[in-house]
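To start, the structure itself, in structure tokens.
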């Protein structure tokens, strides 16, 4: 029986091999498109009109008709912004990074062709300098954008408020999800969204208890270098430290913690550094030593000894009068001996275990007017910092341990503040202009102006003003607002 089945199968296969194939399959080419744009990444200011004219070319039928779609994608949502081939649309979305997808659809075949683009939406005040100025006992906040456009009294035009008291300080910090501008006035502290300057907190909601803003008010952070964001952000006021979780690390609270706990009274200098264990490093002007806040704690602790340290971090014995970011992730602390009145420079290396890198004494014979210095700022690509009195700016060379006068204001002018135009310690992007310009706020007769000077390769300052912006009241503080990143 099995043999009969096998024979039948062979016969059927034979018949099938003799059957003529009647099916004729025709393969037709599909009309395809190539889409070209002037760029793959576009940047635009919030609420401005974005114009893109893609070049659409057909491979087969130049007369084919198409429908179009422009779709905008954020991390959480997507929406169609246009159905025209050429995009001409106001982009009124929250500043940030977006994806833009252009789709061309063949009306006959329904075949879709795509072009994906990157879109960066900047806030109106996306990059530049905040200028805090006072007149007649009232404070105003101004902004000079990187393209030279000036915005006066932004607290009125953007924040929809006004202040009847003077401003003390303005502090901006932009890092990923962290986008804050803090303004300290004589009677309050305001927290603003850095993209639209909307006020989302004041001293009643920011601090856990009653606080009066002091001259040392400071907003800063540690920095988790491997991740590119802070684990903790801090406010320092009247020598006390208030902590909060970095928004990209765990989500910030609207209210900061109680002042950091310590076994003794302390008076923290307004600056924070970071070690290799993501501990936040502070200097205590009362105990005259460095202290640390351990990772994921809210306590101030003793420094951990390290045999490679060049000095004892736990026993400095001097008063910090200035601190600034220097080259190679270093922090320069300017210290004054309370007994002798002499000055020293202590160099702290960040993101390492042996932080105490160097100590050098300052001689007033080779550093004129150092004992009268009010302002300090350093280059972050060379071992040079600048210090200034009310009229004179000096360059201090850390390698030669000597200073030289590099800029002198006119007799009727006073220095309001100055900064090296530098990359912020938390900033992820580096611009070509960093460490090449000195930004100087100058006051005369109650009026202020902002000047930009060129920094030469040896740290000297070109005397000719590169750019100048006027129309401000008397300037008391400036701070750099880096781009969103």
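In mature numbering (1 follows the signal peptide of the UniProt record, and there is no 0), the protein residues as written are -20 to -1, 1 to 465.
Note that CB positions come from ideal geometry on N, CA and C, so glycine has one too.
This structure is a prediction, so every number in the text was calculated from the model and none was measured.
Burial state of residue i (16 or more Cβ within 10 Å)
| i | result |
| --- | --- |
| residue -12 | Bear in mind that a pLDDT of 45 at residue -12, under 50, signals an unreliable position, so the model cannot answer this. |
| residue 352 | exposed |
| residue 458 | buried |
| residue 417 | buried |
| residue 319 | exposed |
| residue 59 | exposed |
| residue 466 | Given that the chain is displayed from residue -20 to residue 465, the structure contains no residue 466 and the question cannot be resolved. |
| residue -9 | With a pLDDT of 44 at residue -9, under the threshold of 50, the modelled position of this residue cannot be trusted; read the value that follows with caution. Burial call: exposed. |
| residue 489 | Absent from the model: residue 489. The displayed extent of the chain is -20 to 465, so no value can be given. |
| residue 354 | exposed |
| residue 42 | exposed |
| residue 436 | exposed |
| residue -20 | Only weak support exists for where residue -20 lies, its pLDDT of 45 falling under 50; the coordinates are left without a value. |
| residue 19 | exposed |
| residue 447 | exposed |
Straight-line Cα distance separating residue j from residue i
| i | j | result |
| --- | --- | --- |
| residue 216 | residue 252 | 10 Å |
| residue 295 | residue 313 | 14 Å |
| residue 433 | residue 444 | 7 Å |
| residue 273 | residue 254 | 10 Å |
| residue 102 | residue 26 | 6 Å |
| residue 281 | residue 334 | 17 Å |
| residue 204 | residue 407 | 12 Å |
| residue 362 | residue 323 | 22 Å |
| residue 32 | residue 122 | 33 Å |
| residue 264 | residue 357 | 21 Å |
| residue 226 | residue 44 | 54 Å |
| residue 462 | residue 39 | 45 Å |
| residue 261 | residue 116 | 39 Å |
| residue 211 | residue 250 | 18 Å |
| residue 342 | residue 233 | 43 Å |
| residue 246 | residue 220 | 8 Å |
| residue 430 | residue 110 | 10 Å |
| residue 150 | residue 140 | 17 Å |
| residue 271 | residue 283 | 6 Å |
| residue 79 | residue 129 | 28 Å |
| residue 29 | residue 84 | 22 Å |
| residue 450 | residue 176 | 24 Å |
Host beta strand (DSSP E) of residue i (start-end)
| i | result |
| --- | --- |
| residue 136 | Careful: residue 136 lies outside any beta strand (DSSP E), inside the alpha helix (DSSP H) at 134 to 137. |
| residue 385 | 382 to 388 |
| residue 491 | With the chain covering -20 to 465 only, the question about residue 491 has no answer from this structure. |
| residue 271 | 269 to 273 |
| residue 283 | Element bounds for residue 283: n/a, residue is neither H nor E. |
| residue 457 | 441 to 461 |
| residue 50 | 46 to 53 |
| residue 114 | 108 to 115 |
| residue 340 | 336 to 342 |
| residue 37 | 35 to 38 |
| residue 148 | 147 to 155 |
| residue 96 | 92 to 102 |
| residue 223 | 220 to 225 |
| residue 357 | 355 to 358 |
| residue 327 | 323 to 329 |
| residue 13 | 13 to 16 |
| residue 365 | 364 to 368 |
| residue 165 | 158 to 165 |
Run of the alpha helix (DSSP H) containing residue i, from where it starts to where it stops
| i | result |
| --- | --- |
| residue 186 | 183 to 186 |
Residue i vs residue j beta-carbon contact at 9 Å
| i | j | result |
| --- | --- | --- |
| residue 259 | residue 202 | yes |
| residue 65 | residue 48 | yes |
| residue 482 | residue 236 | Since the displayed the chain opens at -20 and closes at 465, residue 482 lies outside it and no answer follows. |
| residue 454 | residue 142 | no |
| residue 17 | residue 93 | no |
| residue 292 | residue 285 | yes |
| residue 243 | residue 268 | no |
| residue 415 | residue 327 | no |
| residue 305 | residue 402 | yes |
| residue 200 | residue 178 | no |
| residue 290 | residue 338 | yes |
| residue 398 | residue 368 | yes |
| residue 381 | residue 424 | no |
| residue 169 | residue 187 | yes |
| residue 52 | residue 99 | yes |
| residue 166 | residue 145 | yes |
Min CB distance residue i to chain D below 9 Å
| i | result |
| --- | --- |
| residue 174 | Chain labels in this structure do not include chain D; a single protein chain is all it has. |
Integer Cβ distance of residue i from residue j, believed to fall under 8 Å
| i | j | result |
| --- | --- | --- |
| residue 371 | residue 388 | 6 Å |
| residue 396 | residue 421 | 4 Å |
| residue 229 | residue 198 | Not quite, the Cβ-Cβ distance comes to about 20 Å (not below 8 Å), so this is no contact. |
| residue 465 | residue 412 | At roughly 16 Å, the Cβ-Cβ gap does not stay under 8 Å, so residue 465 and residue 412 are not in contact. |
| residue 147 | residue 112 | 4 Å |
| residue 22 | residue 97 | 6 Å |
| residue 348 | residue 383 | 7 Å |
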